[in-house]
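Taking it in order: structure first as structure tokens, then the write-up.
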Amino acid sequence: GAVVSQHPSRVICKSGTSVKIECRSLDFQATTMFWYRQFPKQSLMLMATSNEGSKATYEQGVEKDKFLINHASLTLSTLTVTSAHPEDSSFYICSASTRKRGQDIQYFGAGTRLSVL
Amino acid sequence: EDQVTQSPEALRLQEGESSSLNCSYTVSGLRGLFWYRQDPGKGPEFLFTLYSAGEEKEKERLKATLTKKESFLHITAPKPEDSATYLCAVQATGANNLFFGTGTRLTVIP
Chain A
51 GAVVSQHPSR VICKSGTSVK IECRSLDFQA TTMFWYRQFP KQSLMLMATS
101 NEGSKATYEQ GVEKDKFLIN HASLTLSTLT VTSAHPEDSS FYICSASTRK
151 RGQDIQYFGA GTRLSVL
Chain B
41 EDQVTQSPEA LRLQEGESSS LNCSYTVSGL RGLFWYRQDP GKGPEFLFTL
91 YSAGEEKEKE RLKATLTKKE SFLHITAPKP EDSATYLCAV QATGANNLFF
141 GTGTRLTVIP
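In order, the protein sequence lines correspond to chains A and B. The numbering used here puts the first residue of the first sequence at 51, with every later residue one more than the last. The numbering used here puts the first residue of the second sequence at 41, with every later residue one more than the last.
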């Protein structure tokens, strides 16, 4: 149980285009999902917290107009990188929070490798 | 400010050579400490959550322990398939998000 699916796993795009990444909780409902960014050999940096039916909460320094987050249902959150540039190339990972045996656990997707040419 | 420091940065072990990974943390109030395993190019895989000092959890060759300042991930008789980056993260009281350390990259040599 507690499977999180993230799609696509890899995307290569031209500078200036927009890219949408989907994150789905397959066997549970997640009122809260999270989006992280990871640079090579560095840890996960939280970008934003996504709550179903409300606006996402962005971390300091993350441009909300650049990284659009939509959490339209209890099983789906999307991250759209608008007008992508080479500096946006990174590994993007989502997670979904669920309660198991009284504990709130975050389960992660497999990540999306974005390369902007 | 929340802080998580993991050491060592990288660790090479012979198969069967037991060792420990360290996670030192500073947080205003600890809601939970999490251990994840991450393979290259993949998302983190949940291993353990610890909530209070003195708590221990075990799973196969891994055992996680927690004090008021740090957590250890003990690996007993590791196998090559245990090679991965092990991430530690803290969740502060009243928060939903996790704050991650930079990880320990473990390599187990056959």
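Glycine included, C-beta positions come from ideal geometry on N, C-alpha and C. This structure is a prediction, so every number in the text was calculated from the model and none was measured.
Arg87(A) is classed as buried because its beta carbon has at least 16 other beta carbons within 10 Å across all chains shown.
Under the 8 angstroms Cβ criterion, the region 66 to 73 of chain A counts as touching the region 126 to 134 of chain A, having at least three qualifying pairs. By the CB criterion at 8 angstroms, Met97(A) and Ser145(A) fall outside the cutoff. Between the alpha carbons of Asn120(A) and Ser147(A) lies a distance of about 16 angstroms. When secondary structure is reduced to three states using DSSP, Glu49(B) falls in the coil class, being assigned neither helix nor strand. Annotation: the continuous beta strand (DSSP E) that includes Gly72(B) extends over 70 to 78. In the three-state scheme derived from DSSP, where H, G and I count as helix and E and B as strand, Glu41(B) is classed as coil. Contact residues of the region 61 to 86 of chain A toward chain B are Thr82, Phe84 (C-beta to C-beta distance below 7 angstroms).
Counting only Cβ-Cβ distances below 7 angstroms, Leu138(B) has contacts in chain A at Gln156, in chain order. Within 10 angstroms of the beta-carbon of Gln46(B) lie 16 or more other beta-carbons, which makes it buried. The criterion of a C-beta distance shorter than 8 angstroms is satisfied by Ser123(B) and Leu146(B). Boundaries of the beta strand (DSSP E) harbouring Ala98(A): 94 to 101, taken from the DSSP string. With respect to the 8 angstroms criterion, Ala132(B) and Val67(B) are classified as neighbours on the basis of their beta carbons.
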